[in-house]
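Undergrad: Just dropping this structure here.
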Amino acid sequence: MRAANSQYYDLQDPIGTEGDFITAPEVSQIFGELIGLWLADIWLRQNGPDNCHYVELGPGRGTLSKDALRAMAKFEMTPPVHFVETSSALRAKQAEAVPQAQFYSNVDDLPDEGPLLIIANEFFDALPVRQLVATHAGWRERVVVRDRGTKFMAMPGQYAMDNLVPADFRNAPANSIYETSPDSSGVMYELTSRIHKQGGVLLIIDYGYAQPGLGSTLQSVKNHKFADPFEDPGDRDLTAHVNFLEIANLARMRDLQIGGPVEQGKWLSVLGINQRAATLVEASPDKAEEIIAARSRLVDGDEMGSLFKVLAVSHPDWPRPEGFDAAL
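Given below as structure tokens:
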């Protein structure tokens, strides 16, 4: 998954109607604006420290940051901008949208002084997952092999992996699958270490589940349609659902504040998406249908509103972030 996604993102811009998928910032400017206002709110309640850094992980086309920074600037909040991105194709798009951004290939290279205001929108879902499958001989890692030298397929490996499966799931029926993401844990460990040391806040928005369960969530998307994840690796988007409990537990180990996870639709509603949409409709009545449809796509339960979750992690000395009263 790591190698396939690295090739996939480095060779193309997959985002938008002409690409393979659309992310929330491309649906409506309101998404990025509300995130910018959310950051400005917590920054102002922290007495506006002037040494903060704005960070986005996997910024896509830079659309979210462009909209967020514009909203933040209305409160005289203009922090240095840092993007963590490995794709040369996407870096070019991001530089057009946010020319002042500095680029990094790894979270380890981010500034080590001053509070960090970190946004991770649909970042963790693209990190590799490790799948363990129940067999009659016990749990084994699910590995990828070639079927007669042509097609890729998954099958159980030979080594016992029972000790990596939570006790509640070890007696699951054969063919049950348990997912974990060591890469996500590694990134989260570094980010929470930085917030613990430097201060600041981390906002994670992604599709996933609040409580762990069984089953494969690995999926592939090509031309806005689901595809076989084992076909044409490097030519399609590979993702898996985010285990929010797992990444939240790493923040708890650092004694950091945790908000959520809450459903994206509920979070955006608390932040005022309906009011902002109404303002845009009033300013551009000819675009009313488009604005209302975009709002619905972001908040409705049968669209992005329920599947996508929002989690905030902040330093214990910082104010509690807004929007997390209705935790799942």
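The opening residue of the sequence shown carries number 15 in this note's numbering; numbering runs sequentially from there.
For every residue, glycine included, the Cβ atom is placed at its ideal position computed from N, Cα and C.
1) Runs of 3 residues minimum, wholly inside the stretch 220–284: which ones carry the beta strand (DSSP E) assignment?
2) Report yes or no: do three or more beta-carbon pairs, one from the stretch 251–270 and one from the stretch 278–292, lie closer than 8 Å?
3) On a Cα-Cα basis, can you pick out the residue from Asn-65, Lys-107, Leu-232 and Trp-52 that is closest to Arg-84?
4) Which residues does DSSP list as the beta-bridge partners of Val-95?
5) Quick check on DSSP: helix, strand or coil for Val-161?
6) For Pro-94 and Ser-119, what's the separation of their Cα atoms in angstroms?
7) Which one of Val-143, Arg-59 and Asp-139 has the shortest CA to CA distance from Ile-218?
8) At the level of alpha carbons, what is the spacing between Ala-340 and Glu-110?
9) Do Gly-62 and Asp-129 have their beta-carbon atoms positioned less than 7 Å apart in this structure?
10) Is the distance from the Cβ of Met-167 to the Cβ of Asp-161 below 7 Å?
11) Within 10 angstroms of the Cβ of Leu-270, are there 16 or more other Cβ atoms? Answer buried if so, exposed if not.
12) Determine contact between the stretch 141–154 and the stretch 178–189, defined as no fewer than three beta-carbon pairs at a distance below 8 Å.
13) Taking the DSSP output, what are the residues bridged to Ala-174?
14) Once the 5 residues before and after Met-202 are set aside, which same chain residues still bring their CB inside 7 Å of it?
TA: Inspection of the coordinates gives the following:
1) 233–236, 239–241, 251–253 and 271–277
2) no
3) Trp-52
4) Tyr-68
5) The displayed chain sequence assigns Asp, not Val, to residue 161. Asp-161 falls in the strand class under three-state DSSP.
6) 17 Å
7) Asp-139
8) Note that Ala-340 scores a pLDDT of 42, beneath 50, so its modelled location is shaky; the value from the coordinates is reported in the next line. Looking at the two C-alpha atoms, the distance is approximately 37 Å.
9) Checking the displayed sequence, the identity of residue 129 turns out to be Pro instead of Asp. No. Outside cutoff.
10) yes
11) buried
12) yes
13) Arg-154
14) Ile-261 and Leu-264
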